[in-house]
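Engineer:
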Amino acid sequence: CLVPQPISSLSPCRTGLVLVRNPHLDLMEEDILYHLDLGTKTHNLPAMFGDIKFVCVGGSPNRMRAFAQFMRRELGLAGAGEDVADICAGSDRYAMYRAGPVLSISHGMGIPSISIMLHELIKLLHHAKCRDVTIIRIGTSGGLGIEAGSVVITDMAVDSSFRPRFEQVVLDDVVVRSTELDKDLAEELLTCSRDIPDFPTLIGHTMCTYDFYEGQGRLDGALCSFSSEKKLDYLRRAYEAGVRNIEMESTAFAALCGLCGLKAAVVCVALLDRLQGDQIRASHEVLWEYQQRPQRLIAAFIRKRLGCD
Ligand code: R2B
Ligand code: URA
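Each residue of the sequence shown is one higher than the last, beginning at 1 in the working numbering.
#1: Going by C-alpha distance, which of Q276, R296, A95 is nearest L36?
#2: Starting from L272 and walking both ways along the beta strand (DSSP E), at which residues does that stretch end?
#3: Does the ligand R2B have a heavy atom nearer than 7 Å to the CB of G143?
#4: Just reading off the alpha helix (DSSP H) that N62 is part of, what are its end residues?
#5: Which of helix, strand or coil does DSSP assign to G90?
#6: Leaving out five residues before and five after E167 in sequence, what residues of the same chain have Cβ atoms less than 6 Å from its Cβ?
#7: Identify, in the order they occur along the chain, each residue of the same chain with its Cβ nearer than 6 Å to the Cβ of A255, setting aside the five sequence neighbours on each side.
#8: Would you kindly check if the distance between the Cβ of T154 and the Cβ of T201 is under 8 Å?
#9: Does the pairing of the stretch 81-99 with the stretch 134-152 give three or more beta-carbon distances under 8 Å?
#10: Going by the C-beta, is F166 closer than 7 Å to any heavy atom of the ligand URA?
#11: Rank L287, F253, L275 by C-alpha distance to the C-alpha of D233 and give the top, closest one.
#12: Go through its chain and collect everything with a Cβ distance to E120's Cβ below 7 Å, but skip five positions before and after it.
#13: Am I right that D280 and Y210 are in contact with their C-beta atoms under 8 Å? What's the rounded C-beta distance?
#14: Using DSSP with H/G/I as helix, E/B as strand and the rest coil, what is I298?
#15: For V20, I'd like the list of residues in its chain whose CB is within less than 7 Å of its CB, leaving aside the five on either flank, ordered along the chain.
#16: If I measure Cβ to Cβ from Q295 and keep anything under 7 Å in the same chain, skipping five residues before and after, which residues do I get?
#17: How long is the line joining the alpha carbons of E82 and R65, rounded to whole angstroms?
#18: Would you mind giving the Cβ-Cβ distance between V313 and G204, rounded to the nearest angstrom? I have them listed as a contact below 8 Å.
#19: Exposed or buried, N22, counting other C-beta atoms within 10 Å across all chains shown (16 or more means buried)?
#20: Who are the near neighbours of S228 in its chain, counting only those whose CB is closer than 7 Å to its CB and skipping five residues on each side?
#21: Let me confirm a value: L297 is counted as buried when at least 16 other C-beta atoms fall within 10 Å, else exposed. Which label applies?
#22: Is it right to say N245 is buried, meaning 16 or more other beta carbons lie within 10 angstroms of its own, or is it exposed?
#23: Taking 7 Å as the cut-off, does the CB of T140 come closer than this to any heavy atom belonging to the ligand R2B?
#24: Measuring from the CB of Q279, is there a heavy atom of the ligand URA at a distance below 7 Å?
#25: Just verifying my parser: in three-state terms, what is the DSSP assignment at I153?
#26: Let me make sure I understand the geometry here. Which of A128, D26, A300, L17 has the alpha-carbon closest to that of L189?
#27: Within the continuous alpha helix (DSSP H) that includes D220, where are the two ends?
#28: Which ranges does the alpha helix (DSSP H) cover as unbroken runs of at least 4 residues, wholly within the stretch 98-132, from first to last along the chain?
#29: Are the CB atoms of C130 and V269 nearer to each other than 8 Å?
#30: Taking the DSSP output, what are the residues bridged to Q168?
#31: Going by DSSP, name the residue or residues bridged to E247.
#32: Going by the DSSP bridge assignment, what does S313 pair with across the sheet?
Laid out in structure tokens, this is it:
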């Protein structure tokens, strides 16, 4: 059973506040954000987070710590160069760091993991009464017909059938949600990328899958039931549909953030070109430098927004 969401429900809240769409929340005396080890009774969330304007999320805790340290240096903040404290240290599920108005949080791999984190993060922003928050996923991906190391800004997150939709099972219904992202934000990011000429940046569709191996048409998993020809036919059809990279969180991210009125973007570096192979063969040094590329772009964007330049 398909229950489409009305398009009007996607319009962002005019006050700039985060829109939580759950009437039960108001009836709760306390909200425990279990996986973040934060709560409305145990923590003063408005004091801790009320001034946050940018939220950056990415898969790995180490990368998100490095991003927070990098942002501290980029924004010239006190404590730059020192270690940053994990705000969610009491939970070993996700890691969260702060750099001035920037929050940097890990989300793990795949839709279930990012989904749990986003429910709790969005409630956190709501309880903290944050306004005008921009949220960006910075991540890694497999490129499609693009050079390894290219950075893709997503204009549309699509599913494995190249459709701009995310299906969430709710009780025993399949609820279909739009995966629209903020077009102006994508363009603004592309404009910022022009000041960083040392790697290619492009706008394209991002395909989101439920798996890294069979789900992304790889021949090198523990299971594979298709030929190399079938794989290439699928990837070429994806390319023709406008897909330029493949990862594992963008549709859920776009759907949840869109419904809650957050301006959202997805910026991922391609670790390889999937039309050339499946295994990620670049050295650790090369991969580390690739992973810094979305961070450098987002730092330039945030600096520009804050009038640092
Ligand atoms: C990109 O990289 C991870 C898989 O290696 C996954 O989280 C993703 O979206
Ligand atoms: N992440 C993915 O999901 N796929 C790739 O090919 C590389 C990184």
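Backbone N, C-alpha and C define an ideal beta-carbon position, used for all residues, glycine too.
Quick caveat, the model's predicted, so the values are computed rather than measured.
Structural biologist: Result, derived from the coordinates:
#1: A95
#2: 263-273
#3: no
#4: 61-74
#5: coil
#6: V174, V176
#7: F166, R177, T179
#8: no
#9: no
#10: no
#11: L275
#12: L33, H35, L36
#13: Correcting the residue identity first, residue 280 is Ile in this sequence and not Asp. Rounded, the Cβ-Cβ distance is 19 Å, inconsistent with contact.
#14: helix
#15: I122, K123, H126, C260
#16: F67, F70, I138
#17: 12 Å
#18: Because residue 313 is not part of the residues shown, which for the chain are 1 to 309, the question remains open.
#19: exposed
#20: L219
#21: buried
#22: buried
#23: yes
#24: no
#25: strand
#26: A300
#27: Segment: none, D220 is in no alpha helix (DSSP H) and carries neither H nor E.
#28: 111-127
#29: no
#30: V175
#31: C208
#32: A query on residue 313 cannot be resolved here, the shown segment of the chain reaching from 1 to 309 and no further.
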